[in-house]
Amino acid sequence: MTVLHGEGAPAAGPGSGGRPAWRIGTRASLLARTQAGDVRDALVAAGQPAELVLIETPGDLSTGPVEEIGVGVFTSALRAELAAGKIDIAVHSYKDLPTAADERFVLAAVPPRQDPRDALVARDGMVLGELPPGAVVGTSAPRRIAQLRALGLGLDIQPLRGNLDTRLGKVAGGELDAVVVARAGLARIGRLDAVTEALEPVQMLPAPAQGALAVECRAGDTELIELLAALDDHSSRTAVTAERALLAELEAGCTTPVGAIAEIVESLDDDGRIVEELSLRGGAAAVDGSDVIRASTVGAPAQAAELGRALARELLELGARELLAAEPGTADSPAAPAGSNTTPVGTSTAAAKPGGTAAAGTSTATDFTEPSPMENNR
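Plus 192 on top of the position in the sequence shown (first one is 1) and you've got the numbering used here.
Structure (structure tokens):
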């Protein structure tokens, strides 16, 4: 492990009350250090000394596809150090955490979430619809591969690993025509200038919890739990709770072709009063892009977890289990032809099904195949 104080961070050592600096575990990439640095800086601003501890993970050491390395490839090493008492806090990209709870730890904070959308970085400033057939697009995420193929654009999708600078460099150097990455990551490292299009959920549903951070500590560290609670953003936690509940109910992981996005929206109740509701959209796809199933629901924010589970059950009824169990295609398989997307439209409503999603809110299978209203958004 490497201890990193970082720019603007205090030197390690006793703080007020004589306690040593809180040790924040993080991966060593620029993105991970930046994310953990935000947590460190927030603690320092609250008068708490803190430092970063850099930890290598299996995902950092392997160049193979993430789905072949195993669950928790970017989080297991941090959790091991946390359990062993070598660090006090672990900062994860929330989407990388296994969905199964670990009673040794507490999710002490979900800080304000960055924009969860995926982003296209393409040569010559092109947006997705301007890429010619055969354009080489880099991404290794099955979720992105499936949804890109379902668009029927005839793209040549190639596997891609490496940090964000490496990925952007492959476009700048002409090795790839474009890459698809999380917009949040580019925002955190100050590279939003590279984005040529932010992909709306109607084009590409993001990964559950994409753009969110998970700040963990040991379950018995009550003082630290109270300190970290000040970093928690209720709206962000509510949204990712619904998305992750959907993922868990589907018995899927972060490397499966499942997307979800939730947001708190305002609506009017029967008396004309403004109330907050939680809108959730989710979907599953065949990796070859031949079949995509999406559905949506709205319910009470307090029922976020049940809302996610209910929508997952609807997706399963619509055939998601068969899609997720199908043998995945290869990354360079031809894209699905235009129009091959078989998203059900209006074929299922929770209100019409006993034991459906009505308890958590009304739910209707929704057509998300229409072009994005922000298709030229750069």
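Where is the CB? At the ideal position from N, CA and C, for every residue including glycine.
Values in this document were obtained by computation on a predicted structure and should not be read as measured data.
Straight-line CA distance for residue i to residue j?
i	j	result
Val490	Gly403	21 Å
Val371	Ala220	22 Å
Glu435	Pro493	12 Å
Gln306	Gly511	31 Å
Ala437	Ala276	28 Å
Ser427	Leu420	16 Å
Thr358	Thr226	17 Å
Ala374	Gly239	32 Å
Gly344	Leu246	42 Å
Asp461	Leu384	38 Å
Ala422	Val231	11 Å
Ala237	Glu243	13 Å
Val363	Asp369	6 Å
Ala517	Ala342	18 Å
Ala292	Arg486	24 Å
Pro212	Ala269	23 Å
Pro325	Pro400	29 Å
Gln495	Leu507	18 Å
Leu470	Arg380	26 Å
Arg336	Asp463	42 Å
Thr433	Leu320	30 Å
Gly365	Val484	33 Å
Gln339	Gly382	27 Å
Ala394	Val313	Note that residue 394 corresponds to Val in the displayed sequence, not to Ala. Cα to Cα, the separation comes out at about 18 Å.
Asp480	Glu468	38 Å
Glu567	Met318	With a pLDDT of only 31 at Glu567, under the threshold of 50, the placement of this residue in the model should not be trusted; the figure read from the coordinates follows. So the alpha carbons of these two residues sit roughly 11 Å apart.
Asp348	Ser482	16 Å
Phe266	Thr249	6 Å
What would DSSP say about residue i, mapped onto helix, strand or coil?
i	result
Ala452	strand
Val387	coil
Ala218	Correcting the residue type first, residue 218 is Thr in the shown sequence and not Ala. The answer is strand: DSSP assigns Thr218 an E or B state.
Ala404	coil
Ile381	coil
Gly491	strand
Leu368	coil
Ile417	helix
Ala327	coil
Gln395	coil
Gly521	Note that Gly521 scores a pLDDT of 46, beneath 50, so its modelled location is shaky and nothing firm can be said.
Glu248	coil
Ala440	helix
Arg513	helix
Gly474	strand
Ala497	helix
Leu460	strand
Ala213	coil
Arg465	coil
Ala374	strand
Pro536	Confidence at Pro536 is low in this model, with a pLDDT of 34, below 50, so the placement of that residue should be treated as unreliable; the coordinate-derived value is given next. Looking at Pro536 - three-state DSSP - the assignment turns out to be coil, as it is neither helix nor strand.
Ala502	helix
Ala422	coil
Val432	helix
Sort the options by Cα distance to residue i and report the nearest one.
i	options	result
Arg429	Asp369, Ala300, Leu347 and Arg383	Ala300
Glu441	Gly239, Pro290, Arg336 and Ala237	Pro290
Val298	Glu273, Ile417 and Pro324	Ile417
Leu378	Leu368, Gly366 and Leu360	Leu360
Ala411	Arg296, Thr226, Gln495 and Val394	Arg296
Gly475	Glu498, Asp463, Ala497 and Leu515	Leu515
Arg215	Leu270, Glu248, Ile279 and Ser268	Ile279
Leu499	Ile281, Ala431 and Asp413	Ala431
Glu389	Glu322, Leu347 and Gly481	Glu322
Glu443	Val479, Arg501, Leu340 and Val484	Arg501
Leu571	Asp483, Gly451 and Asp480	A query on residue 571 cannot be resolved here, the shown segment of the chain reaching from 193 to 570 and no further.
Asp413	Arg505, Ile281 and Arg465	Ile281
Ala497	Arg465, Leu439 and Ala477	Leu439
Ala376	Gly330, Gly346, Glu367 and Pro304	Pro304
Assuming residue i contacts residue j under a Cβ cut-off of 8 Å, what Cβ separation, rounded to an integer in Å, is found between them?
i	j	result
Ala228	Thr218	4 Å
Leu397	Ile453	6 Å
Pro449	Pro351	Their Cβ separation, rounded to whole angstroms, is 15 Å, which puts Pro449 and Pro351 out of contact at 8 Å.
Glu408	Arg309	That pair is no contact at about 25 Å.
Val328	Asp424	The Cβ separation is near 41 Å, so there is no contact.
Leu223	Leu356	6 Å
His284	Ala406	4 Å
Arg571	Asp294	For residue 571 there is no data in the structure shown, the boundaries of the chain being 193 and 570.
Ser459	Arg473	Their Cβ separation, rounded to whole angstroms, is 16 Å, which puts Ser459 and Arg473 out of contact at 8 Å.
Arg353	Ser332	6 Å
Can residue i be considered in contact with the ligand FAD, in the sense that its beta carbon sits closer than 6 Å to one or more heavy atoms?
i	result
Leu499	Because no ligand of any kind appears in the structure shown, any question about the ligand FAD cannot be addressed here.
Is residue i close to chain C, meaning its C-beta is less than 7 Å from at least one C-beta of that chain?
i	result
Leu356	The question asks about chain C, but that chain is absent: this structure has only one protein chain.
Which ranges does the beta strand (DSSP E) cover as unbroken runs of at least 3 residues, wholly within the stretch 265–325, from first to last along the chain?
-> 281–285, 297–301 and 310–314
Pick out the complete beta strand (DSSP E) segments inside the stretch 331–368, 3 residues or longer, and give them in chain order.
-> 348–350
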